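Only one structure is covered here, and it is reproduced in the block below.
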Amino acid sequence: MREELLDALRRGAEIKLWINGPAVSLAKHYAQLDRIVEGGSAMVAALSVHGSVGLARVEHGPWQFIVVLTDHGPPLIARATAER
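Every letter in the sequence shown is one number past the one before it in the working numbering, and letter 33, counting from 1, is 109.
Structure representation (structure tokens):
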């Protein structure tokens with residue numbers, strides 16, 4: 077999914093959101109976990125930690141990539157339906 081996200085960004089995908097904050101709060105208010113269709117379990121686990129993370133939502137066509145950046149480890153990417 078990483079390569080698909082990179083390709084979408086190269087094609088001009090819109091970064092709808094890019095914020096940092098407490099993981100649990102970001103999950104509740106910004107992650108839109110109910111829209112995830114691929115990669116959801118890893119995303120839920122990453123947003124269940126006690127601590128801060130970065131969260132980005134990138135829209136491209138009918139899809140949205142949700143990216144979680146943790147202090148330790150690679151970015152986690154999920155695919156979700158886009159807001160319309």
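All residues carry an ideal CB built from backbone N, CA and C; glycine is no exception.
The structure presented is a predicted model; accordingly, all values stated were derived computationally and were not measured.
Where residue i sits in the DSSP three-state scheme
i      : result
LEU81  : helix
LEU123 : coil
Of the listed residues the options, nearest to residue i (C-alpha basis)
i      : options                        : result
GLY88  : GLY115, GLY137, VAL120, SER101 : GLY137
GLU90  : LEU82, ASN96, GLY97            : LEU82
VAL125 : VAL134, ASP110, ASP147         : ASP147
ALA158 : GLY149, VAL144, TRP139         : TRP139
Supposed close pair residue i, residue j - CB separation, criterion 8 Å
i      : j      : result
ALA107 : ILE142 : 6 Å
GLY130 : MET77  : No, GLY130 and MET77 are not in contact; Cβ-Cβ is about 17 Å, not under 8 Å.
N- and C-terminal bounds of the alpha helix (DSSP H) containing residue i
i      : result
HIS105 : 99-105
Residue i: CB within 7 Å of a non-hydrogen atom of the ligand ADP
i     : result
TRP94 : You won't find the ligand ADP in this model; it holds no ligand whatsoever.
Endpoints, beta strand (DSSP E) assigned at residue i
i     : result
GLU49 : Any question about residue 49 goes unanswered here, given that the chain covers just 77 to 160.
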